[in-house]
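Residue numbers (my numbering): 1433 to 1599.
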Amino acid sequence: MNASTGRVSAVDVFLHVVIPVALAAGMFAFWPLDANTMQRASSNMVTGASIVSSLMCGVAVMLFQLRTQIASERGFASRGERRLIDETYYDVLWSVVVGFSAVALIVVGDFVSHLSPCAWKALVAAAIALVANMAMATCMGIKRIAAAYEIISKVWDRAGNGDNPRS
């Protein structure tokens, strides 16, 4: 939802919901890989999603610290600047939760794979949707981190705490 208009963005729905669901549905329906290849692909997804989620968890901690610092210093940042940092924090947290959820689905799918190939296929397809959503959320978070950096560097310049390399 766009914070300034209060409306849901059609582009965001397309990027964060439609593309991941279509990708998962396509994988489930057409499943081009054999079981052995899919096991390796699942292992790679677990590794990648775990690494990215863990790194984003560290970013969330840093954003939390930044927000706490800004809250303790009156006049340090405007309401809009604080909102940008808050939205970035929520994007990063969403990326972490979705990434760890994808890993959980793949792990459960691995246990189910010998009992029901169809259930395994469905779980891995759902994990693919989550990984695609995580990638979109991570990109959005990185974009907002860049904008937040610009804001903070301006605040530092106003406070006389450092040089802005972009000026």
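Virtual Cβ for every residue (Gly too), placed ideally from N, Cα, C. None of the values given here were measured: they were computed from a predicted structure.
Separation of residue j from residue i, as counted between CA atoms
i, j, result
"V1535", "L1547", "19 Å"
"F1496", "T1437", "25 Å"
"D1466", "V1563", "20 Å"
"R1598", "S1504", "For R1598, the pLDDT reaches just 47, beneath the cut-off of 50, and the residue's location in the model is therefore unreliable, although a value from the coordinates is still provided. The straight-line gap from Cα to Cα measures roughly 27 Å."
"F1446", "A1569", "13 Å"
"H1448", "V1539", "23 Å"
Anticipated Cβ contact below 8 Å, residue i with residue j, distance rounded
i, j, result
"I1583", "L1487", "Not confirmed; about 22 Å, so no contact."
"D1523", "M1566", "About 11 Å; that fails the 8 Å criterion."
"E1519", "R1576", "6 Å"
Three-state class that DSSP yields for residue i in the structure shown
i, result
"V1440", "coil"
"R1506", "coil"
"L1498", "helix"
"D1589", "helix"
"L1547", "coil"
Opening and closing residue of the alpha helix (DSSP H) in which residue i lies
i, result
"W1526", "1511–1544"
"M1460", "Met is not the amino acid found at residue 1460; the sequence shown has Phe there. Its alpha helix (DSSP H) spans residues 1451–1462."
Minimum Cβ-Cβ distance from residue i to chain C less than 8 Å
i, result
"E1513", "Given the protein chain composition of this structure (a single chain), no chain C is represented."
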